[in-house]
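Undergrad: Quick one: this structure, given as structure tokens, is what I'll be asking you about.
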Amino acid sequence: MIGTFHVSQTETPDTSAPTEGYDAYSIQQKWQARWAEADPFRAGGADDTRPRKYVLGMFPYPSGDLHMGHAESYAYVDIVARFWRHRGYNVLNPIGWDSFGLPAENAAIQRGADPREWTYANIEQHKKSFREYGSSYDWSRILHTSDPEYYHWNQWLFQRLYERGLAYRKESPVNWCPNDQTVLANEQVVDGHCERCGAEVIKKKLTQWYFKITEYADRLLDDLNQLEGFWPQKVIRMQRNWIGRSVGADIDFEIEGRADKVTVFSTRPDTLHGATFMVVAPDSDLAAELAAGSSAEVRMRFQDYLESVQRETEIERQSTDRPKTGVFLDRFAINPVNGERLPIWAADYVLADYGHGAVMAVPAHDQRDLDFARAFDLPVKVVVDTTAPITGSIPVIELDEEGVPIDPGPLETLADIDPATTGIALTGDGRVINSGSLDGLSKRNAIARIIEQLEAAGTGRAAKSYRLRDWLISRQRFWGTPIPMIHTEDGRIVPVPEDQLPLRLPDARGLDLAPKGTSPLGGATDWMKTTDPGTGAPALRDPDTMDTFVDSSWYFLRFLAPNDSNEAFPSREADRWAPVDSYIGGVEHAILHLLYARFITKVLFDMGLIDFTEPFSSLINQGMVLLDGSKMSKSKGNLVEFASSMIDPGADAVRTAIAFAGPVEDDINWEDVSTTGAQKFLARAWRVATDVTSDPDVVWAEGDASLRRVTHRLLADAPGLVEQTKFNVVVARLMELVNATRKVIDTGAGPADPAVREAAEATAMILDLFAPHLAEEMWEILGYDGFVGLVPWRTADATLLVEESVTAVVQIDGKVRGTLQVPARIDAAELERLARADEKVVRSLAGREITRVVVRPPKVVSFSTH
Numbered sequence: 001m002i003g004t005f006h007v008s009q010t011e012t013p014d015t016s017a018p019t020e021g022y023d024a025y026s027i028q029q030k031w032q033a034r035w036a037e038a039d040p041f042r043a044g045g046a047d048d049t050r051p052r053k054y055v056l057g058m059f060p061y062p063s064g065d066l067h068m069g070h071a072e073s074y075a076y077v078d079i080v081a082r083f084w085r086h087r088g089y090n091v092l093n094p095i096g097w098d099s100f101g102l103p104a105e106n107a108a109i110q111r112g113a114d115p116r117e118w119t120y121a122n123i124e125q126h127k128k129s130f131r132e133y134g135s136s137y138d139w140s141r142i143l144h145t146s147d148p149e150y151y152h153w154n155q156w157l158f159q160r161l162y163e164r165g166l167a168y169r170k171e172s173p174v175n176w177c178p179n180d181q182t183v184l185a186n187e188q189v190v191d192g193h194c195e196r197c198g199a200e201v202i203k204k205k206l207t208q209w210y211f212k213i214t215e216y217a218d219r220l221l222d223d224l225n226q227l228e229g230f231w232p233q234k235v236i237r238m239q240r241n242w243i244g245r246s247v248g249a250d251i252d253f254e255i256e257g258r259a260d261k262v263t264v265f266s267t268r269p270d271t272l273h274g275a276t277f278m279v280v281a282p283d284s285d286l287a288a289e290l291a292a293g294s295s296a297e298v299r300m301r302f303q304d305y306l307e308s309v310q311r312e313t314e315i316e317r318q319s320t321d322r323p324k325t326g327v328f329l330d331r332f333a334i335n336p337v338n339g340e341r342l343p344i345w346a347a348d349y350v351l352a353d354y355g356h357g358a359v360m361a362v363p364a365h366d367q368r369d370l371d372f373a374r375a376f377d378l379p380v381k382v383v384v385d386t387t388a389p390i391t392g393s394i395p396v397i398e399l400d401e402e403g404v405p406i407d408p409g410p411l412e413t414l415a416d417i418d419p420a421t422t423g424i425a426l427t428g429d430g431r432v433i434n435s436g437s438l439d440g441l442s443k444r445n446a447i448a449r450i451i452e453q454l455e456a457a458g459t460g461r462a463a464k465s466y467r468l469r470d471w472l473i474s475r476q477r478f479w480g481t482p483i484p485m486i487h488t489e490d491g492r493i494v495p496v497p498e499d500q501l502p503l504r505l506p507d508a509r510g511l512d513l514a515p516k517g518t519s520p521l522g523g524a525t526d527w528m529k530t531t532d533p534g535t536g537a538p539a540l541r542d543p544d545t546m547d548t549f550v551d552s553s554w555y556f557l558r559f560l561a562p563n564d565s566n567e568a569f570p571s572r573e574a575d576r577w578a579p580v581d582s583y584i585g586g587v588e589h590a591i592l593h594l595l596y597a598r599f600i601t602k603v604l605f606d607m608g609l610i611d612f613t614e615p616f617s618s619l620i621n622q623g624m625v626l627l628d629g630s631k632m633s634k635s636k637g638n639l640v641e642f643a644s645s646m647i648d649p650g651a652d653a654v655r656t657a658i659a660f661a662g663p664v665e666d667d668i669n670w671e672d673v674s675t676t677g678a679q680k681f682l683a684r685a686w687r688v689a690t691d692v693t694s695d696p697d698v699v700w701a702e703g704d705a706s707l708r709r710v711t712h713r714l715l716a717d718a719p720g721l722v723e724q725t726k727f728n729v730v731v732a733r734l735m736e737l738v739n740a741t742r743k744v745i746d747t748g749a750g751p752a753d754p755a756v757r758e759a760a761e762a763t764a765m766i767l768d769l770f771a772p773h774l775a776e777e778m779w780e781i782l783g784y785d786g787f788v789g790l791v792p793w794r795t796a797d798a799t800l801l802v803e804e805s806v807t808a809v810v811q812i813d814g815k816v817r818g819t820l821q822v823p824a825r826i827d828a829a830e831l832e833r834l835a836r837a838d839e840k841v842v843r844s845l846a847g848r849e850i851t852r853v854v855v856r857p858p859k860v861v862s863f864s865t866h
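Per UniProt numbering, the very first residue in the sequence shown carries number 1; after that it's consecutive.
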């Protein structure tokens, strides 16, 4: 069974000690030293004519050493990179570190140290661990996002977005972590709590920097079609839901006593005649303004309500199973289609940053509006008759056993399902009623007609709305990219001159890095002081730093020339290598990171710097590694340290056990991962190589035909299995090959059989994907110079792929009762005859009558006796 180490019932017993003579750690050290000296995995230059593959793992954050959760992801990265080298590709597989961010700053605060010291010490440990793991990186392309040489280009990118109107500053309610004392993006709030520290997030008004990602909402959504079949469907669905495009209309409502109209977005403008009140978000500027124009009593009630709402999370506010609350603002809107006065309420189920922060409430046809109307005794007006048939609908007629139509009884009427009585909103399709000239139209036609009428009257227009919000990038912390803008004395905001980039962080010594609601950079008095580049007058730098998602939104391009001091990346290198062919990492980044990388890619495309619009052509998401029932995490303290595992059981055993543990996308319980079983398998493979006595130039065709077929079937099948990320199946097939080889070694021509050498060489080449140290050792034992990791994939002999005979399984009442060796092209009648005549089958039937037979030649015969 794939996923569990086992010994086949047909395997020749191996009486030697399972790992006797196999010194995994010494082999590991030997080959790591040789790789370090030869640097065999460096990507070829511009003169390399091989086809190219860019393989990239999501780069790590250096918070201490790696653990087995990292080991899983980076094992998969290395399998893919090594595979494509064997297939004749020039492979780029770089490594870097996402080294800015809160963990380093918090660790520095706890230790009273510079975050640089903690960060770069951890990076050095990571580098050591990756080398010990046998990762085949191009070590000439290392980058750290906290290096000025990297964040210089973050600042350059910020200024390019600013020039294009895609970076701007505004005051708005933001997610505020009271523990870390910093702003969080929506994506960094999980179930109302800070993703990093777990503190409950509150709303706070601040003036912040944003990237206008909503400008690209349609392209971000529509271009997901390019990724169908190449990205996991789950991730594509999550991206679509997060962007959340809704199509409808913007409708302008007059407000009594207010000069400016209020615009409301609705996906159902066809129900406009059914609006009976308006709801505004209590934490919006509009609600504050409307309350301010009411009586002192209303203002007091509103303020109390606002304070209670500010203690709620967005998740709580959007919950459908909690009682509806709100405050009447004693103000009225005017319905533009019928002139009716609509009372305006502030209620927490409307969010300030959705649409325009106000909704027209149509309680008959929206469940949340209906719940609110029933709670506060507000009118409910039905304007869509969902009992009325629409064009193209086909009534369902039920028939009795004799085919006679069953009388459905009295038909449902609109009175029977009145929402005011039932408490259930009518959200289905039907015919419009009580809506003047729209009466009798279907939903689709009514929407088109009402938009025409609104546009003609100048009171509305077709529109789209999105769940996606602009990307808030300001952070009130030290350890990040300084925002390259200057605040002048006369209130202007201007870019730091480009020839002054990178704007470097000041020395952290002497700064109070403790969270206090404002950026620690504000306390670096000398650093904050600068001059207006236009006038020379005194000015101040911006004290905030950038969200670290900016760092990771384009790093895959910096890997193309990480040491280039003249540009972020050369376009000629992007033309050669990008986009990334295989991107590998956790599904937890399905929104956090991928959306931003897609956005920046599209901006760079529009700037003419790249010729593609999606950064990652193929995405592989691995499952989580669990320990004690939850994800391995340094913060949780439930992890298996990486460093100790590299000594015993060793890197090869860890990598092989992880690859064998199950499908890539499934979670792995570390308690179920057998590194001991992996050690035993690898020792058997090593012993096969040491037992070979034939010379490298032996004629393979003269060897055992049965073993040769096993070898060549694996050579033929493994590429497809790897490309489908069925790594566990490849390991299982390698085990079968090693067992088959062992059987031939111990019988017949023995170690001198040419097929044994052929199988051993194929084992070494394929094993390079999973256990590269042992694979190199086997290759050397077999008499070859050079690295097996660079050996071209052996071509399978097609004549050996034709099965001369196969094993057929005979089942009785679902249980296996016998096996038969039969010709591969046997027909159903002959297979059934042989199955009925088999002694084991006859004995198992014990005279019982066979009531049903299923034959699937050449592999299955199933008898039923029930």
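Note that the Cβ used here is the ideal one computed from N, Cα and C, for glycine as well.
The structure presented is a predicted model; accordingly, all values stated were derived computationally and were not measured.
Please report the Cβ distance between Asp526 and Phe100, rounded to the nearest whole angstrom; I am assuming they are in contact, meaning their Cβ atoms lie under 8 Å.
TA: Their Cβ separation, rounded to whole angstroms, is 22 Å, which puts Asp526 and Phe100 out of contact at 8 Å.
Undergrad: Less than 9 Å between the beta carbons of Met765 and Phe681, yes or no?
TA: Contact: no.
Undergrad: At the level of alpha carbons, what is the spacing between Val494 and Ala81?
TA: Using only the alpha carbons, I get a separation of about 45 Å.
Undergrad: Would Thr207 and Glu171 qualify as a contact pair, given that the criterion is a beta-carbon distance under 9 Å?
TA: Result yes, Cβ atoms of Thr207 and Glu171 sit closer than 9 Å.
Undergrad: With H, G and I counted as helix, E and B as strand and the rest as coil, what does DSSP make of Leu521?
TA: Three-state DSSP puts Leu521 in a helix.
Undergrad: For Gln367, which three-state DSSP category applies?
TA: Note: Gln367 maps to helix in three-state DSSP.
Undergrad: Can you tell me the Cα-Cα spacing of Glu256 and Arg461, whole angstroms?
TA: Near 22 Å, if we compare the C-alpha coordinates of Arg461 and Glu256.
Undergrad: Kindly indicate the opening and closing residues of the alpha helix (DSSP H) around Glu132.
TA: Counting along the chain, the alpha helix (DSSP H) containing Glu132 begins and ends at 115 to 132.
Undergrad: Determine whether the beta carbon atoms of Gly585 and Asn563 lie at a separation below 9 Å.
TA: Contact: no.
Undergrad: Between which two residues does the beta strand (DSSP E) harbouring Gln724 extend?
TA: First-last for Gln724: undefined, no H or E at that position.
Undergrad: From this set, Val587, Thr488, Arg301, which residue's C-alpha is nearest Gln233's C-alpha?
TA: Of the candidates Val587, Thr488, Arg301, the one whose C-alpha sits nearest the C-alpha of Gln233 is Val587.
Undergrad: For Ile95, which residues of its own chain have a beta-carbon under 6 Å away from its beta-carbon, when the five flanking residues on both sides are left out?
TA: Taken in chain order, the residues that qualify are Tyr137.
Undergrad: Please report the straight-line C-alpha distance between Lys529 and Gly536, rounded to a whole angstrom.
TA: In a straight line, the C-alpha of Lys529 is about 12 Å away from that of Gly536.
Undergrad: Between Ser582 and the rest of its own chain, which residues show a CB-CB distance below 6 Å, the 5 nearest in sequence each way excluded?
TA: So the list reads Val55, Val80, Ser618, once near-sequence residues are dropped.
Undergrad: Quick check on His273: buried or exposed, where buried means 16 or more other Cβ atoms within 10 Å of its Cβ?
TA: Label assigned to His273: buried.
Undergrad: Measuring alpha carbon to alpha carbon, tell me which of Asp507, Asp385, Ala291, Gly423 ends up nearest Arg439.
TA: First, the residue type needs correcting, since residue 439 is Asp and not Arg in the sequence shown. For Asp439, the nearest C-alpha among the options comes from Asp385.
Undergrad: Looking only at its own chain, which residues have a Cβ that is under 7 Å from the Cβ of Leu800, when we skip the five neighbours before and after it?
TA: Taken in chain order, the residues that qualify are Arg708, Arg709, His712.
Undergrad: Over what stretch of residues does the beta strand (DSSP E) that includes Val235 continue unbroken?
TA: Note, Val235: premise wrong, no beta strand (DSSP E); alpha helix (DSSP H) at 233 to 243.
Undergrad: So the candidates are Leu224, Pro858, Ser844; which of them puts its Cα closest to the Cα of Thr807?
TA: Here the closest residue by C-alpha is Pro858.
Undergrad: What is the DSSP secondary structure of Leu143, counted as helix, strand or coil?
TA: Leu143 falls in the strand class under three-state DSSP.
Undergrad: I need the straight-line Cα distance from Ser437 to Asp270, nearest angstrom please.
TA: Spanning the two alpha carbons is a distance of roughly 11 Å.
Undergrad: Look at Ala539 and Leu560 and say whether their C-beta atoms are less than 9 Å apart.
TA: No, they are not a contact pair.
Undergrad: State buried or exposed for Ala346, treating a residue as buried only when at least 16 other CB atoms are found within 10 Å of its CB.
TA: Burial call: buried.
Undergrad: Can you say whether Val730 is buried or exposed, counting buried as having 16 or more other CB atoms within 10 angstroms of its CB?
TA: With 16 or more other Cβ atoms within 10 Å, it is buried.
Undergrad: So for Glu228, helix, strand or coil by DSSP?
TA: In this structure, Glu228 counts as strand in the three-state DSSP scheme.
Undergrad: Distance, Cα to Cα, Ala36 vs Met58?
TA: Their Cα atoms are separated by approximately 23 Å.
Undergrad: Give the single residue among Asp666, Val810, Arg655, Ser862 whose Cα lies nearest to the Cα of residue 936.
TA: The structure shown does not extend to residue 936, since the chain is modelled only from 1 through 866, so no value can be given for it.
Undergrad: How is the alpha helix (DSSP H) around Gly786 delimited, first residue to last?
TA: Neither: Gly786 is in no alpha helix (DSSP H) and is coded neither H nor E.
Undergrad: On the criterion of 16 or more Cβ atoms from any shown chain inside 10 Å, does His365 qualify as buried, or is it exposed?
TA: His365 should be labelled buried.
Undergrad: Inspect the CB distances between the segment 772 to 792 and the segment 39 to 46 and report whether three or more fall short of 8 Å.
TA: As far as the Cβ criterion goes, the segment 772 to 792 touches the segment 39 to 46, which means the pair count is three or higher.
Undergrad: Do you know whose CA, among Ala259, Phe265, Val235, Ala217, lies nearest Gly248's CA?
TA: Nearest option by C-alpha distance: Phe265.
Undergrad: I'd like to know whether the C-beta atoms of Arg504 and Pro533 end up nearer to each other than 9 Å.
TA: In this structure, Pro533 does not lie closer than 9 Å to Arg504 by Cβ.
Undergrad: Could you check the C-alpha separation between His773 and Arg34 for me, to the nearest Å?
TA: Near 10 Å, if we compare the C-alpha coordinates of Arg34 and His773.
Undergrad: So what does DSSP say about residue 891, is it helix, strand or coil?
TA: This structure gives no information on residue 891, because the portion of the chain shown stretches from 1 to 866.
Undergrad: Under three-state DSSP, which class holds Leu66?
TA: DSSP places Leu66 in coil when its eight states are reduced to three.
Undergrad: With C-beta atoms as the reference, is Val810 less than 9 Å away from Ser862?
TA: Yes.
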